[in-house]
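Engineer:
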Amino acid sequence: MAWNDVHEEPGPPMVGRHTERAAIGRLLDAVRDGFGAVLVLTGEAGIGKTRLLDHAAQRAAELRVIRLTPVETETSLGFGALHRLLRPFLNRTHQLPGPQRTALDAALGLVAGPPADRYLVGLATLTLLSDAAAEQPLLLVVDDAHWLDRESAEALAFTARRLHADSLGVIVALRDGPEDIGLFEALSVHRVTGLPETEAKALLSFATRRVDTAVAERIVAGTGGNPLALLELTDALAAEQLAGIAPLPDPLPVSRLLEGHFRRLVHTMPPDTTTLLLLLATVPAGDTAAVWRAAGRLGLSARAVQPAIAAGILGRDTPPAFRHPLIRSTLYAGAPPEELRRAHAALAAACDPVRDADRRAWHRAEAAEGVDDAVADDLEAASERARARGGYSQQALFLSRAAAFTKAPDTRAERLLDAAQAHLMSGDPLAAQTALDLASADIRGPVLGARELRIRATAQMFGIAVADVPAMLMAAVTRLGPREPGLSWELLCEALHAALVAHDSTQGTSPAEVAAAAIAARQHIADASVDGRDLLMEALARRVADGYERGAPALRTALDGLRRGCAIGVARSPFAVMLSMACDDLWEVQAGRDLTDRLAAADRDTGALYALSITLLVQARYDLWEGRFREAEVRYAEFDDIAADTGFPGGGDINRLHLFALTGQEAELRSAVRRAAEMRSMGHGVLQLLAQHALALFELGHGRYEQALKHARTVFEQDPPACGNLVLTQLVEACVRTGDRTGASEALARLEARAPLAATPWALASLALGRALTADGDDAEKFYQESLDLLDQIPLALEQARARLLFGEWLRRCKRRSDARTQLRAAYESFDAFGAVPYAERARLELLATGARARRRTEETRFDLTSRERQVASMAAAGLTNTEIATRLFVTASTVEFHLSRVFRKLGITSRKRIPRAIGEQGPATGG
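In the numbering used here, the protein residues as written are 106 to 1033.
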């Protein structure tokens, strides 16, 4: 790595590349203007990516330039490249927010601590670099990024995706294969191709040997305009071939010729020089101390480097570096195995056994042959250190290598299972499957067998394929028998979670069977914990296995414990999903809102982005029930951002089913419903029922009661905890409007049985509304008013507006126009303010039928805000500082400041104190 490396590279001048140079110029201009910018250059080896990086560094003289070139041999060392990249800024880590500092220090091995969350590490990287760029604009230049270790690549990609107003530019160069682009594919990617014929010929004119015109045309065509190939082939080909006397190979094997040329060039070096070059190829650029220590052990002189510099293999920089990355990779790939082992052995011996224990373990492994338990033990110890830093892909690599050197089959299987689990933690389910397949032949005994099934089930869940997961986990419990009651309970909690999500799509078992097994397992735990998660999972199990009458009190006990501050405990799956099902089953909106807000705050504090993303979806549903549609869209947008960051495949419009239904976006709704139907085949049965619930809401808004009845009846018959109770008043309405007295009676009977057991204001309000819809005369009016009085107690503005609409419609049919107008106008104004277009139109038409006119609202300027601006404005309105907002949103304080400036301009205000009123929210609470 080189810092502030802006020297002019020797060799021919850059020819062409006008498009790439313009893109680099725009990036540098953006950085100079205070913005963040990213450019990813991809292309084959030798196509000119490194030369473009040199050009960028040369044009950024007033910027601070940080360069990094990782090497293939270091891909196993998690956070290694990030450590080298951040080395100039580590004296600033004390300025980071506490969780970020702790995570980064742990990741880089600076302090002992719990495993670092990789997204907090990414946020710490972003904050650290942004703070440095505030003092002097900064350009990061990363060559051969396909050799980055996964953890470093994730941190760099996270930083690049979240740049905005940060005076920070990032230019990354890597090979253009799909497996190479990986984490960077969502960024601004530009593929570098060969030079056009005219420019390629112009470059050839700078070659050190004369090339015949016709031969030049053949070389240009045969190399595809690859600049490195053009210049190097003039050295590799014979003089007769360049003069056109001897024929050229047909076709020109560019890669093979280049690699052969570089190998021949290296082979002309003295033996000591060749060995020294191999040592240089084996360690990161700039880590010359390790090279010279190893060279000393091999008896090599520092003078051995001179022939390589004279031959142009190494540049004349200090420390010496390969003239082109392809020379390094060619040298390492083509080295004889015995020479590689000798080099790695020397480097292992040169490593400090304490400070460089991980590199020492890796070099020892590369130097070893056959089974070697001592090497395996060193690798396993290194894997534990990697896990402690949160370097899960590094942990997996160390464990996989350890397994290859392990003699005992059971130990080998354990290490491979640990590797599979680590691969899943790093977000690589395909690698996990490979490790599981390798382990399966050596697995003996029930405990290892249960572990294998659990990891396979987790891999299935990672790919959002749920249907088979409950049966897999049940099989794991069966294998365990009575040996590990605590582990059996954990497995059954995961199985129940999957079964509730799969619902009627569960394969090989049923939700009721899983729930019964969970209840039985819980009873066999002698010292059962009382954390909130366990209580809630047991309560959900009783709800599914024993029915609502026994399940509802258990759910109430669990939720009350959680609201009193009962610890949630450790969950391997997002807790918000189960929490929302329990709350919906009890019509418990206030507890749901309070607890999910608490979960979201904890997820943000710990950087648990995947868990946060699921919590955001649940929060968005509560926003909808409160009539805060724009706030819900902000959460959906943040979910999509996180899904892009984490690689989670569950993003997109499928999560906006209810938003589309309530806002009347029919095309978008039906597209999302089709996607939900497709996901049912993967086991997402409850998602299909949520889609039916959304369709029922949509059709009711348009007054299409027959269609609404069909969709609501489907949910009623399946009765999922997720929305089985919430659909009951909608079903009663649809049945009454279509004359289905039997259906209305069935839905009302379920309300009569369940609402008193839940005993929440929403439950009792729903019961009153159901009774009102089926009653006549004074009884109906009494029940409507009772429903409204109960809804006044809880944050359910949408349901209150719906109750007013139904009440107003009833009053109009009773010829009480004046009373009807009061309810219908309130309903219309609420729906119109929410953006519930079909319901607002339904209320408007009813209001017109009373002889009144509906006042149309003027769209307010706050609705011009983007989702991110709305989010920042809302947090600022709540009294959060820029730094606090940045931490919660995983961006930088300068980006928050940029968004706030746009908020001020759009809202026509000049003070944070005016934000709450401008966006229609309450200001921060103040003590009295």
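In this text, a Cβ means the ideal position worked out from N, Cα and C, and glycines have one as well.
Thinking L367 and L300 are a contact (beta carbons under 8 Å), I'd like their distance in whole angstroms, please.
Structural biologist: Against the sequence shown, residue 367 aligns to sequence position 262. Against the sequence shown, residue 300 aligns to sequence position 195. In the sequence on display, residue 367 carries Phe and not Leu. Incorrect: roughly 21 Å between the Cβ atoms, too far for contact.
Engineer: Give the secondary structure of L762 by DSSP, where H, G and I count as helix, E and B as strand, and everything else as coil.
Structural biologist: Counting from one through the sequence shown, the residue named residue 762 turns up at place 657. Helix.
Engineer: For N196, count neighbouring C-beta atoms within 10 Å of its own C-beta (all shown protein chains included) and say buried if the count is 16 or more, exposed if not.
Structural biologist: Working through the sequence shown from its first residue, we reach residue 196 at position 91. Flag for N196 reads exposed.
Engineer: Please state whether DSSP places F140 in a helix, a strand or coil.
Structural biologist: Counting from 1 along the sequence shown, the entry for residue 140 is found at position 35. If DSSP states are grouped into helix, strand and coil, F140 belongs with coil.
Engineer: Sort I276, A959, W730 and E822 by Cα distance to R698 and report the nearest one.
Structural biologist: Mapped onto the sequence shown, residue 698 falls at position 593. Among I276, A959, W730 and E822, the Cα nearest to that of R698 belongs to W730.
Engineer: Can you give the Cα-Cα distance for F184 and D523, rounded to whole angstroms?
Structural biologist: Within the sequence shown, residue 184 is the residue found at index 79, counting from 1. Within the sequence shown, residue 523 is the residue found at index 418, counting from 1. Approximately 20 Å between the Cα atoms of the pair.
Engineer: The beta strand (DSSP E) with V275 in it runs from where to where?
Structural biologist: Along the sequence shown, one-based indexing puts residue 275 at 170. Its beta strand (DSSP E) spans residues L273 to L279.
Engineer: With distance defined between alpha-carbon atoms, name the residue in D894, F995, G1025 and I1024 nearest to L1081.
Structural biologist: In this structure the chain extends from 106 to 1033, so residue 1081 is not present and cannot be described.
Engineer: What distance in whole Å lies between the Cβ atoms of L952 and R926, which are believed to be in contact at a cut-off of 8 Å?
Structural biologist: In the sequence shown, residue 926 corresponds to position 821, counting from 1. In the sequence shown, residue 952 corresponds to position 847, counting from 1. Contact flag correct, Cβ pair sits at about 7 Å.
Engineer: Label Q835 either buried or exposed according to how many other C-beta atoms from any shown protein chain fall within 10 Å of its C-beta, with 16 as the threshold for buried.
Structural biologist: If you number the sequence shown from 1, residue 835 lands on position 730. Q835 is buried by the Cβ-count criterion.
Engineer: Please report how far the alpha carbon of L213 lies from the alpha carbon of A221, in whole angstroms.
Structural biologist: Taking the sequence shown and counting its residues from 1, the one referred to as residue 213 is at position 108. Taking the sequence shown and counting its residues from 1, the one referred to as residue 221 is at position 116. Answer to the nearest angstrom: the Cα atoms are 9 Å apart.
Engineer: Using only alpha-carbon positions, find the residue among V325, P861, D639 and T303 that is nearest to G121.
Structural biologist: Along the sequence shown, one-based indexing puts residue 121 at 16. Measuring from the Cα of G121, the nearest candidate turns out to be T303.
Engineer: What residues in its chain sit with their C-beta under 6 Å from that of D547, if we drop five residues either side in the sequence?
Structural biologist: As a position in the sequence shown, residue 547 is number 442, starting the count at 1. Around D547: P514, R517 and A518.
Engineer: Identify, in the order they occur along the chain, each residue of the same chain with its Cβ nearer than 7 Å to the Cβ of A716, setting aside the five sequence neighbours on each side.
Structural biologist: Taking the sequence shown and counting its residues from 1, the one referred to as residue 716 is at position 611. P679 and D708.
Engineer: Taking a contact to mean a Cβ-Cβ separation below 9 Å, would you say A537 touches I560 in this structure?
Structural biologist: Mapped onto the sequence shown, residue 537 falls at position 432. Mapped onto the sequence shown, residue 560 falls at position 455. In contact: A537 and I560 (Cβ atoms closer than 9 Å).
Engineer: Output the distance between the C-alpha atoms of V111 and G365, rounded to the nearest integer angstrom.
Structural biologist: Residue 111 sits at position 6 when you count from the first residue of the sequence shown. Residue 365 sits at position 260 when you count from the first residue of the sequence shown. Any answer about V111 is weak, because its pLDDT of 43 lies below 50 and its placement is not dependable; what the coordinates show is given next. Looking at the two C-alpha atoms, the distance is approximately 32 Å.
Engineer: Is H295 helix, strand or coil when you go by DSSP?
Structural biologist: By one-based count along the sequence shown, residue 295 stands at place 190. In this structure, H295 counts as strand in the three-state DSSP scheme.
Engineer: Could you name each continuous alpha helix (DSSP H) segment of 4 residues or more that falls completely within the segment 322-376, going from the start of the chain to the end?
Structural biologist: Runs of the alpha helix (DSSP H) inside the segment 322-376: 332-341, 344-347 and 359-372.
Engineer: Excluding the five sequence neighbours on either side, which residues of its own chain have a C-beta within less than 6 Å of the C-beta of A622, listed in chain order?
Structural biologist: On the sequence shown, residue 622 is found 517 positions in, with the first residue counted as 1. Within the same chain, A622 has close Cβ partners L597.
Engineer: Out of D483, V320 and H188, which one is the CA nearest neighbour of S505?
Structural biologist: Counting from one through the sequence shown, the residue named residue 505 turns up at place 400. If we check each option's Cα against that of S505, D483 comes out closest.
Engineer: What residues match up with T751 in a beta bridge as DSSP calls it?
Structural biologist: The residue given as residue 751 occupies position 646 in the sequence shown. Its beta-bridge partners do not exist; DSSP assigns none.
Engineer: What would DSSP say about R172, mapped onto helix, strand or coil?
Structural biologist: By one-based count along the sequence shown, residue 172 stands at place 67. Three-state result, R172: strand.
Engineer: Does DSSP put T1015 in a helix, in a strand, or in coil?
Structural biologist: Position 910 of the sequence shown, counting from 1, holds the residue named residue 1015. Here T1015 sits in coil by DSSP.
Engineer: Classify G153 as buried or exposed, calling it buried when 16 or more other Cβ atoms lie within 10 Å of its own Cβ.
Structural biologist: The residue you call residue 153 lines up with position 48 of the sequence shown. Label assigned to G153: buried.
Engineer: Going by alpha carbons, who is nearest to A305 out of F289, G806, T328 and R314?
Structural biologist: Working through the sequence shown from its first residue, we reach residue 305 at position 200. With distances taken between Cα atoms, A305 lies closest to T328.
Engineer: Determine the closest residue to V410 out of P376, G151 and H429, with distance taken between C-alpha atoms.
Structural biologist: On the sequence shown, residue 410 is found 305 positions in, with the first residue counted as 1. Of the listed residues, the one whose Cα sits closest to V410 is P376.
Engineer: If you reduce the DSSP assignment to three classes, tell me which class T516 lands in.
Structural biologist: One-based indexing of the sequence shown puts residue 516 at position 411. Residue state, collapsed to three classes: helix.
Engineer: Should I418 be labelled buried (16 or more other beta-carbon atoms within 10 Å of its own) or exposed?
Structural biologist: Against the sequence shown, residue 418 aligns to sequence position 313. So I418 counts as buried.
Engineer: Can you tell me which of G475, H468 and A312 puts its alpha carbon nearest to the alpha carbon of A344?
Structural biologist: To locate residue 344, count along the sequence shown from 1; it is residue 239. It is A312 whose Cα lies nearest to the Cα of A344.
Engineer: Is it right to say E964 is buried, meaning 16 or more other beta carbons lie within 10 angstroms of its own, or is it exposed?
Structural biologist: By one-based count along the sequence shown, residue 964 stands at place 859. Note on E964: pLDDT 49, under 50, position unreliable in the model; the coordinate value appears next. The residue in question, E964, is exposed, as its Cβ has fewer than 16 Cβ neighbours within 10 Å.
Engineer: Decide if the segment 760-770 is in contact with the segment 584-592; the criterion is three or more beta carbon pairs, one per stretch, under 8 Å apart.
Structural biologist: Cβ pair count under 8 Å is below three, so no.
Engineer: Can you list, in chain order, the residues of its chain whose CB lies under 7 Å from that of A860, leaving out five sequence neighbours each side?
Structural biologist: Taking the first residue of the sequence shown as position 1, residue 860 is located at position 755. For A860, where only same-chain residues beyond five positions count, the Cβ hits under 7 Å are A868, L869, S871 and L872.
Engineer: Please classify F427: does DSSP put it in a helix, a strand, or coil?
Structural biologist: Reading the sequence shown from its first residue, position 322 is the one you call residue 427. Correct three-state label for F427: strand.
Engineer: Excluding sequence positions up to five away, which residues of its chain have a Cβ less than 7 Å from the Cβ of W692?
Structural biologist: Within the sequence shown, the letter at position 587 stands for residue 692. Within the same chain, W692 has close Cβ partners N830, A863, T865, W867, A868 and S871.
Engineer: Could you give the residue range of the alpha helix (DSSP H) that holds V694?
Structural biologist: Taking the first residue of the sequence shown as position 1, residue 694 is located at position 589. V694 to T711 is the span of the alpha helix (DSSP H), which, as asked, contains V694.
Engineer: Check each candidate in G956, P441, V170 and R761 and name the one with the smallest Cα separation from R921.
Structural biologist: Residue numbering aside, residue 921 sits at position 816 when the sequence shown is read from its first letter. Out of G956, P441, V170 and R761, G956 has the C-alpha closest to the C-alpha of R921.
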